[in-house]
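Quick note on numbering that gives the first Met the number 0: the sequence shown kicks off at 0 and runs consecutively.
One structure below.
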Amino acid sequence: MFSLLSKSRTITGRMAALLAILWLAACEPIISTGGGNGPSINTKNPVPVALLIPGGSAKSSDNLLAKNLENAARLAIADLKGVKIDLRVYNTAGNASQAANVAVQAVNDGAKIIIGPLYAEAANAAGVAVSGRNINVLAFSNNTAIAGGNVFVLGHTFQNTANRLVGFARKQGRSKLMVIHAQTPAGQAGKAAVLQAISRNGSTAAGVASYAFSQQGITAAVPGIASAIRSSGAQAVFFTSDT
0 MFSLLSKSRT
10 ITGRMAALLA
20 ILWLAACEPI
30 ISTGGGNGPS
40 INTKNPVPVA
50 LLIPGGSAKS
60 SDNLLAKNLE
70 NAARLAIADL
80 KGVKIDLRVY
90 NTAGNASQAA
100 NVAVQAVNDG
110 AKIIIGPLYA
120 EAANAAGVAV
130 SGRNINVLAF
140 SNNTAIAGGN
150 VFVLGHTFQN
160 TANRLVGFAR
170 KQGRSKLMVI
180 HAQTPAGQAG
190 KAAVLQAISR
200 NGSTAAGVAS
210 YAFSQQGITA
220 AVPGIASAIR
230 SSGAQAVFFT
240 SDT
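Here's what the structure looks like:
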């Protein structure tokens with residue numbers, strides 16, 4: 000995720016997408032082009048939908064996101080007309096292993112669609128865990144690397160977001176850009192997307208720096224990163240990370 004954007008994982012926008020998907024589930028059996036066709040859904044009965052959220056995490060931010068996602072999903076469902084959704088909520092704790100376990104549990108419980116998880120690694124693990132069960136996983140992740148087979152990405156992609164932000168910076172006369180990224184898969188993916196967008200928009204990469212994704216790692220990296228930014232001549236700085 001880019002910290003230049005507000006950390007909502009744009010819950011409101013994604014729940015609009017969720018609403019659209021649940022509406023589609025109310026119409027006909029889901030048809031997709033990603034390789035996972037998904038099950039036929041009888042909309043005469045309540046449609047069993049599993050929502051995988053990062054509840055139960057040791058991080059308070061994860062638990063807040065989990066609460067917001069569940070509330071938004073329930074509001075979206077309340078607005079649906081002519082269809083009943085049997086929403087079943089499962090906590091992943093933001094953990095890939097637990098996400099895989101609860102995805103299997105959700106399918107065993109009768110879920111026809113899985114919405115979530117939020118994080119890329121968890122979404123990938125959930126997709127793999129139910130890959131042979133004819134169930135689609137509609138992840139909130141913005142990392143297209145996990146998409147394919149039965150996993151679909153609902154979030155704004157790194158590539159689209161990076162291209163939009165780098166393009167905007169260039170229009171503002173800021174074409175010399177530095178990238179700071181967390182040493183995580185999401186941070187690396189964000190860095191790659193920004194560097195590609197810099198090249199695509201004719202801007203210049205002033206430099207790249209990274210930090211360990213922990214409170215101690217960030218604290219230790221700040222002096223070196225600050226010095227690198229000052230010496231690079233960067234006109235704008237992009238930060239990419241999980242949060």
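All residues carry an ideal CB built from backbone N, CA and C; glycine is no exception.
query, result
"Restricting to runs no shorter than 3 residues, where is the beta strand (DSSP E) found entirely within the stretch 73 to 121?", "84 to 90, 112 to 114"
"Short check: CB of I179 to CB of V221, under 8 Å?", "no"
"Looking only at C-alpha atoms, which of I52, N107, V88 sits nearest to R132?", "N107"
"Hey, could you find the ends of the alpha helix (DSSP H) I228 is sitting in?", "214 to 231"
"In chain order, what residues of the same chain lie with their CB nearer than 6 Å to the CB of S230, ignoring the 5 residues before and after it?", "none"
"Return the first residue and the last residue of the alpha helix (DSSP H) that G206 is part of.", "Per DSSP, G206 belongs to no alpha helix (DSSP H); it is in the beta strand (DSSP E), 203 to 210."
"Do you know offhand how far G115's Cα is from L86's?", "13 Å"
"Assuming I197 is part of the alpha helix (DSSP H), what are its boundary residues?", "184 to 199"
"Between the Cα of S232 and the Cα atoms of L194, S174, Q182, which residue gives the shortest distance?", "As written in the sequence, residue 232 is Gly, which differs from the Ser given in the question. For G232, the nearest C-alpha among the options comes from S174."
"Suppose you measure from the CA of P45 to the CA of A138; what does that come to, to the nearest Å?", "22 Å"
"Could you tell me whether the Cβ atoms of A49 and A110 are closer together than 8 Å?", "yes"
"If G126 sits next to A92, beta carbons under 8 Å apart, how far is it from one beta carbon to the other, in whole angstroms?", "No, G126 and A92 are not in contact; Cβ-Cβ is about 18 Å, not under 8 Å."
"Between the Cα of A208 and the Cα atoms of A161, K190, T160, G172, which residue gives the shortest distance?", "K190"
"Does the stretch 205 to 219 come close enough to the stretch 141 to 154 to have 3 or more Cβ pairs within less than 8 Å?", "no"
"Leaving out five residues before and five after Q158 in sequence, what residues of the same chain have Cβ atoms less than 8 Å from its Cβ?", "T143, A192, Q195, A196"
"When you compare only the Cα positions, how much space is there between T218 and L176?", "23 Å"
"Could you check which residue in N200, A121, D61, L79 has the C-alpha nearest to that of R163?", "N200"
"Enumerate in chain order the residues of its own chain whose CB-to-CB distance from G166 is below 8 Å, with the five nearest sequence positions on each side excluded.", "A196, N200"
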